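Notes to accompany the following structure.
There are 4 protein chains.
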Amino acid sequence: MSIVLASHQYGKAENRVVRVQRDSARHEIVDLNVTTTLRGDFADAYLTGDQSKVLPTDTQKNTVYAYAKQKGVASIEGYALELARHFVDDVVPVTGARVDVDAYPWTRAQVGGTGHDHTWVRSGSEVRTAAVTVSGQGERQVAHVLAGLKELTLLKSTGSQFKGFLEDEYTTLRETDDRVMATSLVATWRYGAAALEDGFDFDAAYAQIRQAVLEQFATLHSLALQQTLWHMGKAALERVPEAVEIRLLAPNKHHFDYDLERFGVQNHGEVFHADDRPYGLIQAVVANDAHPAAPEAWA
Amino acid sequence: MSIVLASHQYGKAENRVVRVQRDSARHEIVDLNVTTTLRGDFADAYLTGDQSKVLPTDTQKNTVYAYAKQKGVASIEGYALELARHFVDDVVPVTGARVDVDAYPWTRAQVGGTGHDHTWVRSGSEVRTAAVTVSGQGERQVAHVLAGLKELTLLKSTGSQFKGFLEDEYTTLRETDDRVMATSLVATWRYGAAALEDGFDFDAAYAQIRQAVLEQFATLHSLALQQTLWHMGKAALERVPEAVEIRLLAPNKHHFDYDLERFGVQNHGEVFHADDRPYGLIQAVVANDAHPAAPEAWA
Amino acid sequence: MSIVLASHQYGKAENRVVRVQRDSARHEIVDLNVTTTLRGDFADAYLTGDQSKVLPTDTQKNTVYAYAKQKGVASIEGYALELARHFVDDVVPVTGARVDVDAYPWTRAQVGGTGHDHTWVRSGSEVRTAAVTVSGQGERQVAHVLAGLKELTLLKSTGSQFKGFLEDEYTTLRETDDRVMATSLVATWRYGAAALEDGFDFDAAYAQIRQAVLEQFATLHSLALQQTLWHMGKAALERVPEAVEIRLLAPNKHHFDYDLERFGVQNHGEVFHADDRPYGLIQAVVANDAHPAAPEAWA
Amino acid sequence: MSIVLASHQYGKAENRVVRVQRDSARHEIVDLNVTTTLRGDFADAYLTGDQSKVLPTDTQKNTVYAYAKQKGVASIEGYALELARHFVDDVVPVTGARVDVDAYPWTRAQVGGTGHDHTWVRSGSEVRTAAVTVSGQGERQVAHVLAGLKELTLLKSTGSQFKGFLEDEYTTLRETDDRVMATSLVATWRYGAAALEDGFDFDAAYAQIRQAVLEQFATLHSLALQQTLWHMGKAALERVPEAVEIRLLAPNKHHFDYDLERFGVQNHGEVFHADDRPYGLIQAVVANDAHPAAPEAWA
Numbered sequence: 173m174s175i176v177l178a179s180h181q182y183g184k185a186e187n188r189v190v191r192v193q194r195d196s197a198r199h200e201i202v203d204l205n206v207t208t209t210l211r212g213d214f215a216d217a218y219l220t221g222d223q224s225k226v227l228p229t230d231t232q233k234n235t236v237y238a239y240a241k242q243k244g245v246a247s248i249e250g251y252a253l254e255l256a257r258h259f260v261d262d263v264v265p266v267t268g269a270r271v272d273v274d275a276y277p278w279t280r281a282q283v284g285g286t287g288h289d290h291t292w293v294r295s296g297s298e299v300r301t302a303a304v305t306v307s308g309q310g311e312r313q314v315a316h317v318l319a320g321l322k323e324l325t326l327l328k329s330t331g332s333q334f335k336g337f338l339e340d341e342y343t344t345l346r347e348t349d350d351r352v353m354a355t356s357l358v359a360t361w362r363y364g365a366a367a368l369e370d371g372f373d374f375d376a377a378y379a380q381i382r383q384a385v386l387e388q389f390a391t392l393h394s395l396a397l398q399q400t401l402w403h404m405g406k407a408a409l410e411r412v413p414e415a416v417e418i419r420l421l422a423p424n425k426h427h428f429d430y431d432l433e434r435f436g437v438q439n440h441g442e443v444f445h446a447d448d449r450p451y452g453l454i455q456a457v458v459a460n461d462a463h464p465a466a467p468e469a470w471a
Numbered sequence: 173m174s175i176v177l178a179s180h181q182y183g184k185a186e187n188r189v190v191r192v193q194r195d196s197a198r199h200e201i202v203d204l205n206v207t208t209t210l211r212g213d214f215a216d217a218y219l220t221g222d223q224s225k226v227l228p229t230d231t232q233k234n235t236v237y238a239y240a241k242q243k244g245v246a247s248i249e250g251y252a253l254e255l256a257r258h259f260v261d262d263v264v265p266v267t268g269a270r271v272d273v274d275a276y277p278w279t280r281a282q283v284g285g286t287g288h289d290h291t292w293v294r295s296g297s298e299v300r301t302a303a304v305t306v307s308g309q310g311e312r313q314v315a316h317v318l319a320g321l322k323e324l325t326l327l328k329s330t331g332s333q334f335k336g337f338l339e340d341e342y343t344t345l346r347e348t349d350d351r352v353m354a355t356s357l358v359a360t361w362r363y364g365a366a367a368l369e370d371g372f373d374f375d376a377a378y379a380q381i382r383q384a385v386l387e388q389f390a391t392l393h394s395l396a397l398q399q400t401l402w403h404m405g406k407a408a409l410e411r412v413p414e415a416v417e418i419r420l421l422a423p424n425k426h427h428f429d430y431d432l433e434r435f436g437v438q439n440h441g442e443v444f445h446a447d448d449r450p451y452g453l454i455q456a457v458v459a460n461d462a463h464p465a466a467p468e469a470w471a
Numbered sequence: 173m174s175i176v177l178a179s180h181q182y183g184k185a186e187n188r189v190v191r192v193q194r195d196s197a198r199h200e201i202v203d204l205n206v207t208t209t210l211r212g213d214f215a216d217a218y219l220t221g222d223q224s225k226v227l228p229t230d231t232q233k234n235t236v237y238a239y240a241k242q243k244g245v246a247s248i249e250g251y252a253l254e255l256a257r258h259f260v261d262d263v264v265p266v267t268g269a270r271v272d273v274d275a276y277p278w279t280r281a282q283v284g285g286t287g288h289d290h291t292w293v294r295s296g297s298e299v300r301t302a303a304v305t306v307s308g309q310g311e312r313q314v315a316h317v318l319a320g321l322k323e324l325t326l327l328k329s330t331g332s333q334f335k336g337f338l339e340d341e342y343t344t345l346r347e348t349d350d351r352v353m354a355t356s357l358v359a360t361w362r363y364g365a366a367a368l369e370d371g372f373d374f375d376a377a378y379a380q381i382r383q384a385v386l387e388q389f390a391t392l393h394s395l396a397l398q399q400t401l402w403h404m405g406k407a408a409l410e411r412v413p414e415a416v417e418i419r420l421l422a423p424n425k426h427h428f429d430y431d432l433e434r435f436g437v438q439n440h441g442e443v444f445h446a447d448d449r450p451y452g453l454i455q456a457v458v459a460n461d462a463h464p465a466a467p468e469a470w471a
Numbered sequence: 173m174s175i176v177l178a179s180h181q182y183g184k185a186e187n188r189v190v191r192v193q194r195d196s197a198r199h200e201i202v203d204l205n206v207t208t209t210l211r212g213d214f215a216d217a218y219l220t221g222d223q224s225k226v227l228p229t230d231t232q233k234n235t236v237y238a239y240a241k242q243k244g245v246a247s248i249e250g251y252a253l254e255l256a257r258h259f260v261d262d263v264v265p266v267t268g269a270r271v272d273v274d275a276y277p278w279t280r281a282q283v284g285g286t287g288h289d290h291t292w293v294r295s296g297s298e299v300r301t302a303a304v305t306v307s308g309q310g311e312r313q314v315a316h317v318l319a320g321l322k323e324l325t326l327l328k329s330t331g332s333q334f335k336g337f338l339e340d341e342y343t344t345l346r347e348t349d350d351r352v353m354a355t356s357l358v359a360t361w362r363y364g365a366a367a368l369e370d371g372f373d374f375d376a377a378y379a380q381i382r383q384a385v386l387e388q389f390a391t392l393h394s395l396a397l398q399q400t401l402w403h404m405g406k407a408a409l410e411r412v413p414e415a416v417e418i419r420l421l422a423p424n425k426h427h428f429d430y431d432l433e434r435f436g437v438q439n440h441g442e443v444f445h446a447d448d449r450p451y452g453l454i455q456a457v458v459a460n461d462a463h464p465a466a467p468e469a470w471a
């Protein structure tokens, strides 16, 4: 038998960058969590301990902060592209780079009915995400851009049922015509080549897909969370054609009717116990099949 | 020496109650985390294991859910008062009860420009809190109501300085005229007797104090987080005179200027590292001294 | 009405200090989370923004790290005492200081049957705690030392019952002769003056109380978690007479029998669902009444 | 363009099963977190909302608990195999199943110098893991078994250096001959076909690999975390030849020398700040190339 180093990568995780735009009295702010991952000619670092081709993760950190100023963060996708291309283009042993960005939402504090110039309130648990992968040199260089959101917590208090399911000897669940459906959605979509051309507005595309997903959750009478995911994915790709694939992961955050009849109290879908664990976990990948799959974008 | 049971209490923590108001097609929702704590004649349960005076925590849980329907949740303070009074009035061995409620914020999903009837999005990390303590029977019964908020995360990108501080041999901090100031505020205020009369609007009072606190954070040029807290507390008590004491606890979530000059890049308060730990922790109690203190309200 | 600053304090929270003793090839290590809190003449910092009496929290941080070398960490209680006394004795505006220390457990990696000289494995979720309060100057100076543990997670799979409890209209719990009892114990004890004399061995006292508590949990046939707490507290104070008061807080981490009879499978206390929330929460304070109470030690 | 459902799967996540073996007075206990995921003919649930082929996640939960009794948990790998094979063999629409198990460690409480019969203490943050994938029917059925550990937190206070690395214009890190190296290791290995034959001892193999990994961490003078990972992986596969591939993921939990010289205090690798974020993140896949790769085992 021969034991080999089959693959490897390394980087700096969770650089917490806050970038303030203060060209005028009306500031802008972005609050990011940035992770870099480098792939390339680093086998010697593992096999012999030779670090001569290894760009320290500390240097990657410095670059992450420096680029927030040097290149700015017009969009998180654009910023991640700049970083990933830098590592691949400018650091010789690097053949591929992935940059992940989480962006935390802030809204202007409302003072006297107006948004304040330089004071913000953290709004929502929701996180906007991007993941950019760049590999190869020169004309052969390929870039993939994923965008998405996570921890978008949604609940509908009616308009959801679950019935007609398969039963076996371990099935005790009762059918329901009306239940609370709640989830903490993770959605990640991949942009096709059209989005990589100059002038594509990643922020507008994000807002449109977020709204498409939200509207499906709200307006579709749900026969199952599976069905809701499919319609979310379909609506997203229809709304923004530059997005060619979307992956959805949705925990079914169970809200159980609390049995109050034991105390002579009626409960017609009014009082629920929000349970922690276990939870259903439903996944779907929806794709526009006019575009080729790109598994390497997700690695 | 004589070893004694000096004090004791028990209850059910973190009942996750979701209450849907569905009298019309336009639902309302409250999402709560409720903790009950009972005080009273329970020493035998400890000393001899005799449970005959112990109302099980499971029963407390059932009551929490049942009251969400039977009494409703017009305000979290009112709901907590109903629960606490029930335990003291109706369960013989109970001489005092505390009920803590955390309320998680949801806003209606925007669909077609309007808030949806029965679909919500979790909004903000911010949690509204209430803690009600009731003790004693009949005319001697005393109730205290605390209300508050936590995880209200605020940031201002200018308008904050820190200078002129005390120095000793371990001091290396440099003075600053302009820094990022950020915190995750915990504020808890105590209502005086006037708020316990019928018709007091706890929800309106909450909104007013929250706004007063926010405005001070935004508009005061801060000489230190200490000063900001004092003005927050003062503004809160002035805005809602029924609130007679407020306790503020504010981590100073440090945002450090990232040193980019090492790479020839200027950074005039534009790129920061948001550090996790350690953090400053500033506390203040602000009170209206026309009203007596009530340490038992905070136990 | 007159709004006043009723009280205040401030400090640096969660300094993550790792101290390596490397006088010989056989290293020793302590891994600490240290929080300092200062009380004193700081009202101007709040009321007028004057910082001239405020020792920056950054300086407190520096001191925490410096003292880990200058004074060492022979015991966490001794280290906390050194820090607290320094702030009170050496920083003029400070009239009182509290230092909290959490210590994380590591054990030597076993290599070839022996504990390794300089490699450790993090062992257990359990955290050892200390909280020292020093106030006043010179001969009037008073010091209080609390010690304790938290996240000591214990489970017994038999030897626990719960029956004979009070019932009301919301009671549905069934009595049980045999259940799983599990908790994540928080125990904090206060040492009397005898422990502050030279030569008292805080580490030995900690180990003895921890063992006393553990043995009671294991060997007492429990009629209720309340009874277990009383016996834990009593055994602790009897084992180490220098400890004069102990406060115990124990979540009842419910393990519910999973109903398998629906599938024709018997379950005699063999398969449980470990539930997250809600949980019972039981508290007790056990004291040696030969010693005066000291509520200020716990503030 | 045509939008299609490209792939999908669903299941029940985080079933918290505690299994007590009580055939004698000396109990045994396993504490598990079990997640099931089913793949198969479920497209209609997404596309049309037809649930007739969907086994509810509630049924999967019931099965997880029932099998803990019916099949037992001799090893977590064996238990996961039973569950996965059941879903594939007995539920018609299911063509593949994955079962993930986390096992939390408990050790017997020491009472009077002996391990107690039925009382345990949670020991370590470390979690043992298994992930079993079964797909296909009858003779074409294929099973893959992954095993591993996570949150194994290790630290060495000497015997680690980092120097000779690549430098660019953003590099400011200094070389070091002696540093603290710490990580919270995630290791997952794949067993080849030999381990699926009767009589293979998964528990013994786990213990051997864990020990091999630990010994490499302790005894190898580390030139970089990369090198340590390679030697860990190599040692693991050599120690247990039935393991044919191992994936290692190691955060470099930075411990920074605290600069005490500013206060005239020397610090020769004695006082460190344990930083939270960012952290290096090093990954390696080590494989025995006598065995074919099996990417589907990791999906």
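Residue numbers (the working numbering), protein chains in the order written: chain A, 173 to 471; chain B, 173 to 471; chain C, 173 to 471; chain D, 173 to 471. No residue lacks a Cβ here, since even glycine has one placed at the ideal position from N, Cα and C. Only a predicted model underlies this, so the values are computations on that prediction, with no experimental measurement involved.
Cβ-based burial, residue i [other Cβ within 10 Å; buried from 16]
{"i": "residue 199 (chain B)", "result": "buried"}
{"i": "residue 224 (chain B)", "result": "exposed"}
{"i": "residue 272 (chain C)", "result": "buried"}
{"i": "residue 241 (chain A)", "result": "buried"}
Beta carbon proximity, residue i to chain C, threshold 8 Å
{"i": "residue 257 (chain B)", "result": "no"}
{"i": "residue 452 (chain D)", "result": "no"}
{"i": "residue 188 (chain B)", "result": "yes"}
Alpha-carbon spacing of residue i relative to residue j, whole angstroms
{"i": "residue 291 (chain A)", "j": "residue 329 (chain B)", "result": "7 Å"}
{"i": "residue 297 (chain D)", "j": "residue 239 (chain A)", "result": "37 Å"}
{"i": "residue 395 (chain A)", "j": "residue 215 (chain D)", "result": "13 Å"}
{"i": "residue 386 (chain D)", "j": "residue 363 (chain D)", "result": "20 Å"}
{"i": "residue 405 (chain A)", "j": "residue 423 (chain A)", "result": "16 Å"}
{"i": "residue 146 (chain C)", "j": "residue 246 (chain C)", "result": "Only positions 173 to 471 of chain C appear in this structure, which leaves residue 146 (chain C) out of reach."}
C-beta neighbour in chain D for residue i, strict 8 Å
{"i": "residue 358 (chain C)", "result": "no"}
{"i": "residue 551 (chain A)", "result": "Lying outside 173 to 471, the shown extent of chain A, residue 551 (chain A) is not represented and no answer is given."}
{"i": "residue 242 (chain C)", "result": "yes"}
{"i": "residue 449 (chain B)", "result": "yes"}
{"i": "residue 434 (chain B)", "result": "yes"}
For residue i, the nearest candidate out of the options (CA to CA)
{"i": "residue 212 (chain A)", "options": "A:379, A:410, A:183", "result": "A:183"}
{"i": "residue 227 (chain C)", "options": "B:227, B:186, B:341", "result": "B:341"}
{"i": "residue 445 (chain D)", "options": "B:194, B:445, B:441, B:450", "result": "B:450"}
Residue i at chain A interface by Cβ criterion, 8 Å
{"i": "residue 307 (chain D)", "result": "no"}
Please specify which runs of the beta strand (DSSP E), each continuous and at least 3 residues long, are wholly inside the segment 239 to 293 of chain A, giving them in chain order.
DSSP runs (the beta strand (DSSP E)) wholly in the segment 239 to 293 of chain A: 266 to 276, 278 to 283.
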